[in-house]
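Presented below is the structure to which this report refers.
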Amino acid sequence: MIYDFVGNTERFNDPGVEYHRPKVIGTRLSAQQAGGIPPEPIPQPQSEEKKTHEFVLIEEGLLEDEFRRRETIIVGPDGLAMDRKTYQEKWAEKIVELHRTDPAVQKIFGGNELTEQEWEALARRLNSPEYYFDEKTLRKAFEQPTGSLTDFIRAALGKYKFPTREERIKNIFNTWVAEHSDSIKPEQAQMLRLLQSRVLAGDTVEMRMFSQPPFSLWGGRVRMEQLFGKENLAKIIEELNSLLAA
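The end of the sequence shown is residue 244 by our numbering, with every number in the run present.
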């Protein structure tokens, strides 16, 4: 019992409450426990599904990788940018179409030589809107710097297969080593194989590359100049770059 010694109940017209035990304070009863209708559940915001990114493993030095396929090339007198893969596909479609109707393409397919006049006429027919097919652009599109128009036509018809980028680089190094086999020592051959692996990976052959990994792990530029000679090393770089660009 709580006694009101100052008359608050009378002053505030409060009838008062008899107090016999402590009031229970705790978790509020749910509507269901109290006999009422349970409230509807509060909708929770839907979390967006996390987008997973798939990683594609691309082998080092591989020609037909996703990045190379999506490169663009410039075609025609107006400098139209075109997807490399699209250009390759349109070339194949054009040659297959001409094989049915064009005597010059039919002669090439059969392995016969064209006259100079036939070549000029065929070149004009190919180098026309909208794709302006010519030898220079085809070399860029197919990454075949030594390919001829005959090669590209025969390849489109399944009569010729270009070497892959990897095969071409290996052939260049093998040919160069064979031509200099009398003067190449085992340690030099080891570094040339390392150089070939970096070219396959996309590196440019230049003097500063010898100061970077993996050459720096083998003594760097100083070691390369000791093995080959400073002037001879510069000559080797020039020769290999000429062969790779040919």
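Virtual Cβ for every residue (Gly too), placed ideally from N, Cα, C.
None of the values given here were measured: they were computed from a predicted structure.
- Distance between Glu69 and Arg82, taken at the CA atoms: about 6 Å.
- When beta bridges are read from the DSSP output, Met80 appears opposite Ile71.
- With three or more CB-CB distances shorter than 8 Å, the stretch 87 to 94 counts as touching the stretch 127 to 146.
- Under a 10 Å Cβ-count criterion, Ile167 is classified as buried, with 16 or more other Cβ atoms of the shown protein chains found around its own Cβ.
- In this structure, the alpha-carbon of Gly200 lies about 12 Å from that of Leu242.
- Minimum Cα-Cα distance from Met80 among the listed residues Ala119, Asn110, Thr135 corresponds to Thr135.
- Under the three-state reduction of DSSP, Val203 is assigned to coil, being neither helix nor strand.
- When the beta-carbon positions are compared, Gln86 and Ala139 come within less than 7 Å of each other.
- Across the structure, Lys105 and Thr99 are spaced so that their CA atoms are roughly 11 Å apart.
- The C-beta separation of Arg219 from Phe226 comes to about 11 Å, leaving the pair out of contact by the 8 Å criterion.
- Cβ contact annotation for Val175 (same chain, cutoff 8 Å, sequence separation greater than five): Ile182, Ala187, Leu190, in chain order.
- When the beta-carbon positions are compared, Phe213 and Gln194 stay at least 7 Å from each other.
- Minimum Cα-Cα distance from Glu164 among the listed residues Glu116, Glu223, Val197 corresponds to Val197.
- Counting only unbroken stretches of 3 or more residues, no beta strand (DSSP E) element lies wholly within the stretch 95 to 149.
- Annotated three-state conformation of Thr162 is coil, per DSSP.
- Going by C-alpha positions, Gly109 is about 12 Å away from Pro101.
- If you ignore the 5 residues before and after Ala244, its C-beta comes within less than 8 Å of the C-beta of Pro143, Thr144, all in its own chain and listed in chain order.
- With a contact defined as Cβ atoms closer than 8 Å, Leu155 and Phe107 qualify at about 5 Å.
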